[in-house]
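To keep things clear, I will list the structure first and then write my remarks on it.
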Amino acid sequence: MATRKEILDLQGISVRQGTYQQSQSPTLSTHRVRWHSLQQWSTFITDFNVFWNQVTDDELSTVVDQHRYIHSIPALLAANMTALLTRERQLYPVFDILYKLTHNFAAALNVSHFHATIQPGAIEYQPIGDPDYIFEFGGLLVGIIEVKTFWKVTAQSIDEVIQGY
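The sequence shown begins at 119 in the numbering used here and counts up one residue at a time.
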């Protein structure tokens with residue numbers, strides 16, 4: 119069994135990339151939206167510490183992973199990453215293993231604050247576009263997640279967003 123604290127203490131695992139190939143991303147649709155501004159979240163560390171200090175030992179020690187899934191993560195990644203990642207869709211199993219499942223474990227049982235779960239797709243909510251994943255809470259769509267090929271992000275593309283292009 120694994121506690122919420124064990125899940126939240128997981129260290130990141132590097133993902134190797136291959137040579138980029140253009141995907142059939144739904145963000146190439148006619149509903150494409152671009153960020154027009156970025157702002158630094160300058161109070162992030164303070165905000166996190168305020169949140170973390172409110173989490174009780176009882177909440178952290180709650181067993182949320184009965185079968186110790188988190189200890190299988192390296193083997194699951196190895197089995198699902200048989201080739202270098204080159205397309206967006208190849209990131210879905212990695213996202214599921216590293217983020218979706220572990221987030222949903224940590225968000226389950228004995229939580230003292232609002233927690234949405236990560237679910238695939240959102241057709242039933244009819245959002246503009248076709249998000250890869252959604253945050254769902256109480257049967258409502260409360261956020262969207264777009265999985266992106268992180269190796270396509272460049273200093274120039276970040277500058278364009280900051281400048282409003």
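C-beta atoms are modelled at their ideal positions from N, C-alpha and C, and glycine is treated no differently.
Predicted, not measured: the structure shown is a model, and the values here were computed from it.
Asked	Found
Straight-line Cα distance separating Thr267 from Gln274	16 Å
Beta-carbon spacing of Ile191, Ala120 below 7 Å	no
Nearest-angstrom beta carbon gap, Val182 and Phe232 [assumed within contact, 8 Å]	So it is not a contact: roughly 17 Å between Cβ atoms.
6 Å Cβ shell around Ile252 - same chain, five flanking residues per side excluded	Gln237, Ala240, Leu259, Ile262
Three-way DSSP call (helix, strand, coil) for Leu128 in this model	coil
Option nearest Lys123 by Cα separation, candidates Trp159, Asp176, Thr164	Asp176
CA nearest to the CA of Trp269, picked from Leu202, Leu216, Gly247	Leu202
Ile188, DSSP secondary structure in three states	helix
7 Å Cβ cutoff met for Pro211 and Asn228	no
Boundaries of the alpha helix (DSSP H) in which Pro211 is found, first to last residue	209-213
Coil, strand or helix - Asp277 by DSSP	helix
Three-state secondary structure (DSSP) of Val271	coil
Cβ-Cβ distance between Phe213 and Val271 below 7 Å	no
Residue ranges of each beta strand (DSSP E) within the stretch 206-254, 3 or longer	235-238
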